Every structure is written in C-alpha cells, then in structure tokens.
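Asks: Questions regarding the structure given below will be posed in turn.
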Amino acid sequence: MELFIKSKIKQELKNLNTPYSTINLIQNKDGVIVARIQTDEKSYIIKYFQNEDFKREIKNYQLLNSLNIPTIKVFGFTDSAILMEDVSLSESLRLATKEDLDDVVIASKIAKWYKLLHTSNKDFEEENIAELYDESDFITKENIEFIKEKTGTQNLPVWKLIDDNFDIIVSKINSIPRVLTYNDFYYTNLIVAKDKTSAFMFDYNMLGKGYVYSDIRNVCSSLGEEAKKAFVESYGDFDKSETIVDDVASVLVTLYHACQRKTFPAWADYALKELKQDYASKIKMLIEN
C-alpha cells in the first residue's frame, strides 16, 4: 500500500514540476494523504486527496488565497493535491501547542483571523458561497431518524416537538445570513507566528458557509477562560440573536457527526445530555422568536 501511495504522490509531483529526493508519509486517513517532500535544498508538504469529497479543500485554499486571507504558503495545485510550505522549518511560524489555547495574546490574533474570514464574503459573488458546504444541510428528517436510531432515544418527547415543528425550525436556521465559516477549530489546525503577531487556521476540509456565532462557539469551547474573554473582546460585535438558533442547530449537527462514528465520541456527550435535559425549552425559544 505504501508503495502504491508513493507512486501516486510521485505522479502529482511530476504534474507540479517539483523535483524531490525523498518522500516521507506523515498521515493516511480517510482518503487524505500527507507527506513531507525533501529536495537537496528545501522541504515541502504535499496533501493528496483520494477521497473525492475532500478535494473541496483544494478549491477552499484557492478561494482564501483570492480573498487575501492568511493561509499556509501554497506553491501549487493539481486536481488532486496541494503543495505547501513545511511550517516545521519556518523561521517565522510554528505549529500551535495545546498550551496556546490558554494564551490571551494568541486568542486575540485568532479572533482577528476569524473576523477577516467572516467579513470576506462581501468581496466575492454570492453564487460562490452558495456552492459551499453548510453544516445546517445535515438537519433533515432522514438524518433525525438516523440520530434517533443510533442513540436509542426514539422515545424522548423532544423528538415529537421537533417533528411537529420541523419546517419552522429549518426555516429559522436558514434565515440567518451566511458567511464563510471555518467549522473545525482546534490547536492541531492552528498556525502561530513565533513572535505572536498573528495566528491563522489551516486544514480547510470543513470550511464552508454558516452563521458567525457557530464559529465563535466552536472556538470558545476549546479556549481557556481568560483566552475566551480575549477572543470575544478582540472579535468585536456579532448578532447575539444567532445564539438562539445555534442552541438548537449545533446539537443536531453534533449528534449527526457523532453518529457517523463506529463508537460514539466523547466530544458529543454534551449534545446527548442536552437532548435528554433542557433541549425542548431551547427549541420552543427558537420557534417563538
């Protein structure tokens, strides 16, 4: 298998007109392969996509570059691969650590990147954002039935409340203006300037369209308390009414993603707990507003 994968990467490097001396595989997961490419003078990272759906990341990099949103430096694209900077050898940048989640300076820089991302949609045509991945698209009647079955919660009264008001719920969720959203915050996807003057996200497989607060909540759920305050203060104003929608939508989206796994993940425990406790009151609040 490794020989086969390397042969595919060699072909992509040929398409990119990039010479190499060694190819070292770093990751092979879900049809996405990451490898370090070394030459006599340089080192690159190549990301090769066997999974057709995940090839969307190639267009996402191109989109962000066209909008002048900071990303890892990219040297070239093919239909199936991205050739980019090896940040581990950068003089000015580094990969984030878990400790960075408690750093108030870094949190404020992360907020600046997100603000730029969220406000950039004014700079490109509406039809470009229409094609993007939207987490809310997972909220369907079929997927709700799937969640019920996988979680064994079919008898919870809250499901009838959702079923009876499904069209209203979806209409409320879809009524919020869409912006570019990152959707996948964690320190393993974060790049930090060594002098802390900037920070930005990488790995854009989940990049898509959504509402601002979904990203704010996603980031804050991982930050330490002081860093969270710094992030919110640095980010600035946003529409607080989006929290009412997010209280409902985020639970369903989280449960859907969790139910895709063979084993129910710990990061979704909160959503299952919410479903069994005061979720009904949040649905009623959404319907009534």
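In this text, residue positions in the sequence shown follow the numbering used here: the first is 13, and each later residue adds one. Quick reminder that beta carbons are idealized off the backbone N, C-alpha and C, glycines included. Quick caveat, the model's predicted, so the values are computed rather than measured.
#1: Measure how close the beta-carbons of serine 148 and alanine 270 come, nearest whole angstrom, since I'm counting them as under 8 Å.
#2: Given the structure, does serine 148 come close to the ligand COA, in the sense that its CB is under 8 Å from one of the ligand's heavy atoms?
#3: Report the residue from Thr152, Thr193, Asn195 whose alpha carbon sits nearest the alpha carbon of aspartate 175.
#4: What residue from Ile58, Ile35, Ile17 has the CA that sits closest to leucine 28's CA?
#5: Excluding the five sequence neighbours on either side, which residues of its own chain have a C-beta within less than 7 Å of the C-beta of tyrosine 291, listed in chain order?
#6: Quick one, which of Glu14, Glu254, Tyr73, Thr163 has its alpha-carbon nearest isoleucine 38's?
#7: Would you list the one or two residues that DSSP bridges to alanine 205?
#8: Can you list, in chain order, the residues of its chain whose CB lies under 6 Å from that of lysine 121, leaving out five sequence neighbours each side?
#9: With a cut-off of 8 Å on the beta carbons, I'd call alanine 239 and aspartate 115 a contact; round off their distance for me.
#10: With a cut-off of 8 Å, do at least 3 Cβ pairs link the region 158 to 173 to the region 186 to 196?
#11: Name the DSSP bridge partner or partners of glutamate 97?
#12: Do leucine 267 and leucine 113 have their C-beta atoms within less than 9 Å of each other?
Replies: For this structure:
#1: The count along the sequence shown starts at 1 and reaches residue 148 at position 136. The count along the sequence shown starts at 1 and reaches residue 270 at position 258. Not a contact, Cβ separation roughly 17 Å.
#2: Of the ligands one can find in the structure shown there are none, so the ligand COA has no counterpart to examine.
#3: Taking the sequence shown and counting its residues from 1, the one referred to as residue 175 is at position 163. Measuring from the Cα of aspartate 175, the nearest candidate turns out to be Thr152.
#4: Taking the first residue of the sequence shown as 1, we reach residue 28 at position 16. Per the C-alpha coordinates, the member of Ile58, Ile35, Ile17 positioned closest to leucine 28 is Ile58.
#5: Taking the sequence shown and counting its residues from 1, one reaches residue 291 at position 279. Within the same chain, tyrosine 291 has close Cβ partners Val170, Val263.
#6: In the sequence shown, residue 38 corresponds to position 26, counting from 1. That would be Glu14, whose Cα lies nearest to the Cα of isoleucine 38.
#7: Here residue 205 corresponds to residue number 193 of the sequence shown, with the count starting at 1. Residue pairing by DSSP places alanine 205 opposite Leu105 in a beta bridge.
#8: Against the sequence shown, residue 121 aligns to sequence position 109. The residues Ser210, Ala211, in chain order, have a CB closer than 6 Å to that of lysine 121 in the same chain once the five nearest residues on each side in sequence are set aside.
#9: For the purposes of this step, residue 239 is taken as the residue at position 227 of the sequence shown. For the purposes of this step, residue 115 is taken as the residue at position 103 of the sequence shown. A Cβ-Cβ separation of about 6 Å places alanine 239 in contact with aspartate 115 under the 8 Å criterion.
#10: Fewer than three pairs of CB atoms, one per stretch, sit closer than 8 Å, so the region 158 to 173 makes no contact with the region 186 to 196.
#11: Taking the sequence shown and counting its residues from 1, the one referred to as residue 97 is at position 85. Beta-bridge pairing links glutamate 97 to Tyr56.
#12: Residue numbering aside, residue 267 sits at position 255 when the sequence shown is read from its first letter. Residue numbering aside, residue 113 sits at position 101 when the sequence shown is read from its first letter. In this structure, leucine 267 lies away from leucine 113, with their beta-carbon atoms at least 9 Å apart.
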